[in-house]
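Residue numbers (full-length UniProt numbering): 1 to 200. Only one structure is covered here, and it is reproduced in the block below.
Written as structure tokens, this is what we have:
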């Protein structure tokens, strides 16, 4: 779909695992996140790792951006946006920043009938609500693990079956073969010249 187009316009580059910096629910931050992955393009091994492990997908900048974009096209991105917000929260330092971010996450995702309420069991939700009085960096840990487990069983499986993921597998296989052929073609004349000088 149109929302996935930005992921097919990358220039070759190296990829490294990282947490996204954008704020969940912030369109300008999402746009910045999309721009941050334009300079990278995964190879076949990376794309294959996404299919072998949900953690590998979440910890890969390009993989995470692709997964988020896929879920947006399904209008079911509240779980991944909550997960990303929790990652950002854990990286914050200072009680004031933590308190502000915690309240925002709570209002948007955790509170009963929140605008983007995530599917938490009552025990996890109540434990999170009770901990809001004295937030620390582990405040949303239980809830985040719960949502990650739900995504792994559901939306992650749909993503792996999706055309966007299958297309990335095909494209990276083709690109890796093309690059390998080009490398071999470039190296062949030099190898031939070396062999000629040795035999002469």
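Each residue gets a CB set at the ideal place from its N, CA and C atoms; glycine is no exception. Nothing here was measured: the structure is a model prediction, and the numbers come from that model.
Which of helix, strand or coil DSSP assigns to residue i
i, result
"residue 26", "Because the pLDDT at residue 26 is just 49, under 50, the model does not fix this residue reliably, and the point stays unresolved."
"residue 92", "coil"
"residue 176", "helix"
"residue 55", "helix"
"residue 162", "coil"
"residue 41", "coil"
"residue 171", "helix"
"residue 60", "coil"
"residue 65", "helix"
"residue 47", "helix"
"residue 21", "Bear in mind that a pLDDT of 40 at residue 21, under 50, signals an unreliable position, so the model cannot answer this."
Proximity of residue i and residue j at Cβ, strictly below 8 Å
i, j, result
"residue 64", "residue 71", "no"
"residue 76", "residue 155", "yes"
"residue 99", "residue 107", "no"
"residue 109", "residue 141", "no"
"residue 43", "residue 176", "yes"
"residue 172", "residue 47", "yes"
"residue 101", "residue 88", "yes"
"residue 105", "residue 151", "no"
The ligand HEM heavy atom lying under 7 Å from the CB of residue i
i, result
"residue 120", "With respect to the ligand HEM, the structure shown offers nothing to examine, as it has no ligands at all."
Closest Cα partner of residue i within the set the options
i, options, result
"residue 103", "128, 146 and 52", "128"
"residue 121", "159, 68 and 145", "145"
"residue 148", "136, 67 and 83", "83"
"residue 159", "123, 55 and 67", "67"
"residue 125", "137, 116, 133 and 143", "143"
"residue 134", "150, 95 and 118", "95"
"residue 91", "139, 169 and 123", "139"
"residue 118", "85, 165, 93 and 132", "85"
"residue 93", "161, 136 and 130", "136"
"residue 161", "132, 112, 51 and 41", "51"
> Quick one: complete alpha helix (DSSP H) runs, 4+ long, within the stretch 72-150?
Replying inline: Listed in chain order, they are 78-90, 95-105 and 122-131.
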